[in-house]
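Q: Sharing a structure, written as structure tokens. Questions coming.
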Amino acid sequence: MPLEIREVMGKKELEAFIRLPIGLYRGVPQWVPPVWSDERAFHDPAKNPAYQTAEAVRFLAWRSGGPTGRVMGIVQQRMNERWRIRNARFTLLECPDEPETCAALLGAVEGWARGRGMETVTGPHGFSDQNCQGMLISGFEHRATIETFYNLPYLPRLVEACGYEKDFDYRVFRVPIPSAPPSLYSKVKERLERQGFVLVEFTRRRQLLAYLDDFVRIYNDTFAEIYGFVSLTPEEGRKLISDYLPVLDPRFVKFIYKLPAGEAGRRVVPDSDEVAAFVIGIPDMTAGIQAAGGRLYPFGFMKIMAAQKRTEQLDLLIAGVKRAYRNRGLAAMFAVGLVRDANAAGFTYADTHQELEFNTKVQAEMLRFGAREYKRMRVYRKEVVPGGLARYKRAFAERGPADPL
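Following the working numbering, the numbering of the sequence shown begins with 30 at its first residue and continues without gaps.
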């Protein structure tokens with residue numbers, strides 16, 4: 030039967046788009062379904078503030094009367110303006126091991142991108158760095174972690190056959206958690222405290238709400254120079270925290286503040302004092318999402334919470350230090366608290382989430398703890414207008430790599 034590519038129109042086709050991976054990954058134990066309510070909210074402009082500054086399109090591949098593949102295209106205006114490029118993104122690419130289907134889906138995004146004046150297409154990328162990104166190219170034997178894609182081994186081959194080349198890789202490390210932090214770290218923490226740095230820790234989720242605006246500020250400052258960064262708006266920051274708040278363990282959310290000279294030792298005042306660094310970790314919940322089939326109700330949420338209590342894995346979602354305070358040892362200050370609390374919670378190792386391959390300082394800190402790379406994910410790029418790729422490369426070469434620690 031001939032292949033047909035159609036833009037997604039209406040709620041019925043959108044639901045088919047969202048649920049298409051179920052058939053492709055049936056029987057694949059490493060695949061973790063999305064939380065379906067979150068996935069629907071991602072595609073709803075009324076619930077996802079990213080649509081305020083971005084445009085998106087979805088395509089389904091149809092054969093024999095049913096959908097067989099999908100892809101989403103995005104033009105992220107804030108990212109293009111920030112880096113002075115004309116780039117579109119693809120994401121949520123899924124199809125069988127069929128070169129024709131993959132080529133047709135990506136071709137649809139490329140045509141859509143050209144029609145909007147774009148010169149290059151990169152992906153997989155979502156609206157921002159807080160969406161899933163990168164295509165798995167090694168580590169297929171391991172279960173997906175939260176906010177990362179899982180794909181079967183043939184998909185990178187199909188994408189490369191369509192003319193896409195490596196843009197950059199993300200490395201994912203597994204880090205054994207020591208019984209105690211290195212003694213040097215405790216000494217660094219004491220020195221920083223004398224200089225007015227304060228480690229803020231939490232015991233209840235609701236305490237985090239007072240620090241939401243500071244999170245958005247430090248996030249945008251920390252990653253401003255990172256390759257392809259898209260800043261968070263206050264609305265996006267609030268949504269991000271509200272989405273994660275029910276499953277956050279407050280022990281693994283930590284901030285560092287810098288108090289003015291002569292005021293060391295007093296309590297931090299959020300929204301007033303200067304936030305210098307942050308880290309967010311979360312107990313791995315993917316086994317619970319699998320057990321719940323991606324459904325929160327009626328009992329899915331309890332399965333997710335139970336999985337978080339049983340897991341031995343801590344997922345380090347994100348961390349960063351304000352540019353003015355890098356190379357001062359603030360990561361060591363975090364490590365003291367994280368190692369203490371991880372041992373108390375029974376964790377034996379941490380997943381580092383995604384680290385840009387050229388963020389060498391971050392990786393050096395992990396290797397100090399015996400980390401090993403166990404997954405790698407790739408972002409691809411392709412020129413869709415002559416000369417576009419050269420301009421794209423030049424935009425990022427002028428900045429060079431940056432490191433959030």
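Think of the CB as a built atom: it goes at the ideal place given N, C-alpha and C, for glycine as much as any other residue.
1. Y421: buried (16+ other C-beta within 10 angstroms of its C-beta) or exposed?
2. Classify P31 as buried or exposed, calling it buried when 16 or more other Cβ atoms lie within 10 Å of its own Cβ.
3. Give the straight-line distance between the Cα atoms of L165 and D198, rounded to the nearest whole angstrom.
4. How big is the Cα-Cα spacing for V204 and Q162?
5. Please state if the CB of T340 and the CB of F398 are separated by a distance shorter than 9 Å.
6. What does DSSP give as the partner residue(s) for Y326 in the beta ladder?
7. Does DSSP put N180 in a helix, a strand or coil?
8. For the alpha helix (DSSP H) that D370 lies in, which residues bound it at each end?
9. From Q392, E264 and G329, pick the residue whose C-alpha is nearest to that of A360; which is it?
10. Could you check where the beta strand (DSSP E) with S66 kicks off and where it finishes?
11. Buried or exposed: which applies to T389, given that a residue is buried once 16 or more other Cβ atoms fall within 10 Å of its Cβ?
12. Is it buried or exposed, Y179, if we count other Cβ atoms within 10 angstroms and call 16 or more buried?
13. Which of helix, strand or coil does DSSP assign to S212?
14. Who does A335 pair with in a DSSP beta bridge?
15. Going by DSSP in three states, Q342 sits in which element: helix, strand or coil?
16. Rounded to whole angstroms, what is the Cα-Cα separation between R295 and Y286?
17. For E170, count the other beta carbons within 10 Å of its own beta carbon; 16 or more makes it buried, fewer makes it exposed. Which is it?
18. Look at the alpha carbon of G358 and the alpha carbon of T315, and state the distance between them as a whole number of angstroms.
19. For the candidate residues W91, L418 and N77, whose alpha-carbon lies nearest to that of G192?
20. Excluding sequence positions up to five away, which residues of its chain have a Cβ less than 8 Å from the Cβ of N77?
21. Beta-carbon within less than 8 Å of P125's beta-carbon, same chain only, minus the 5 sequence neighbours each way: which residues are those?
22. Check each candidate in V188, Q383 and Q159 and name the one with the smallest Cα separation from L135.
23. Which one of K351, A137 and G266 has the shortest CA to CA distance from E303?
24. By DSSP, does D242 sit in helix, in strand, or in coil?
25. Inspect the CB distances between the stretch 82–94 and the stretch 230–237 and report whether three or more fall short of 8 Å.
26. Drop a sphere of 10 angstroms on the beta-carbon of D73, count the other beta-carbons inside from all chains shown, and report buried for 16 or more, exposed for fewer.
27. Which residue from P299, P207 and A424 puts its Cα closest to that of L228?
28. On a CA-only basis, which of F258, A321 and G322 is nearest R113? Give me that one, please.
29. Output the residue ranges of the beta strand (DSSP E) runs that lie fully inside the stretch 131–200 and measure 3 residues or longer, sorted by chain position.
30. According to DSSP, simplified to helix, strand and coil, what is A426?
31. What does the alpha-carbon distance come out to for the pair Q59 and E123?
32. Throw me the rounded Cβ distance for the F307 and F244 pair, which I believe falls under 8 Å.
33. Excluding the five sequence neighbours on either side, which residues of its own chain have a C-beta within less than 8 Å of the C-beta of R145, listed in chain order?
34. Excluding the 5 residues flanking A133 on each side, which residues of the same chain have their C-beta closer than 7 Å to its C-beta?
35. Give me whichever residues DSSP pairs with V86 in a beta bridge.
A: Once the coordinates are examined:
1. By the neighbour-count rule (16 or more Cβ atoms within 10 Å), Y421 is buried.
2. With fewer than 16 other Cβ atoms within 10 Å, it is exposed.
3. Straight through space, the alpha carbons of D198 and L165 are spaced by roughly 10 Å.
4. If you take the alpha carbons of V204 and Q162, they lie about 22 Å apart.
5. No. Outside cutoff.
6. Y326 is not bridged to any residue.
7. In the structure shown, N180 sits in coil (DSSP, three-state: anything other than H, G, I, E or B).
8. Looking at the DSSP string, the run of the alpha helix (DSSP H) that includes D370 is L359 to A374.
9. Between A360 and the set Q392, E264 and G329, the nearest pair of CA atoms involves Q392.
10. Here S66 belongs to no beta strand (DSSP E); instead the alpha helix (DSSP H) covers W65 to F71.
11. Residue burial annotation: T389 is exposed, with fewer than 16 other C-beta atoms found within 10 angstroms of its C-beta.
12. Counting every other CB atom within 10 Å of its CB across the protein chains shown gives Y179 a total of 16 or more, marking it as buried.
13. DSSP places S212 in helix when its eight states are reduced to three.
14. According to DSSP, A335 bridges with nothing at all.
15. Annotated three-state conformation of Q342 is strand, per DSSP.
16. Between the C-alpha atoms of R295 and Y286 there is a straight-line separation of about 11 Å.
17. E170 comes out exposed.
18. Approximately 32 Å, taken between the alpha carbons.
19. It is L418 whose Cα lies nearest to the Cα of G192.
20. Closer than 8 Å at Cβ, skipping near neighbours: A70, F71, F156 and K268.
21. In the same chain as P125, and ignoring 5 residues on each side of it, the C-beta atoms closer than 8 Å to its own belong to L53, T97 and G98, in chain order.
22. Minimum Cα distance to L135 is reached at V188.
23. Put simply, of K351, A137 and G266 the residue whose alpha carbon is nearest the alpha carbon of E303 is K351.
24. DSSP places D242 within a helical segment (H, G or I) once states are collapsed to three.
25. They do not touch, by the three-pair rule.
26. Exposed, because fewer than 16 other Cβ atoms sit within 10 Å of the Cβ of D73.
27. With distances taken between Cα atoms, L228 lies closest to P299.
28. If we check each option's Cα against that of R113, F258 comes out closest.
29. As far as the stretch 131–200 is concerned, its whole beta strand (DSSP E) runs of at least 3 residues are 149–152 and 164–167.
30. Helix.
31. When rounded, the distance between both Cα atoms is 16 Å.
32. Contact holds; Cβ gap of about 6 Å.
33. Within the same chain, E84, V104 and A117 come within 8 Å of R145 by CB-CB distance, once the 5 residues on both sides are set aside.
34. Correct list, in chain order: L32, I34 and A90.
35. For V86, which the question treats as bridged, DSSP gives the partners G102.
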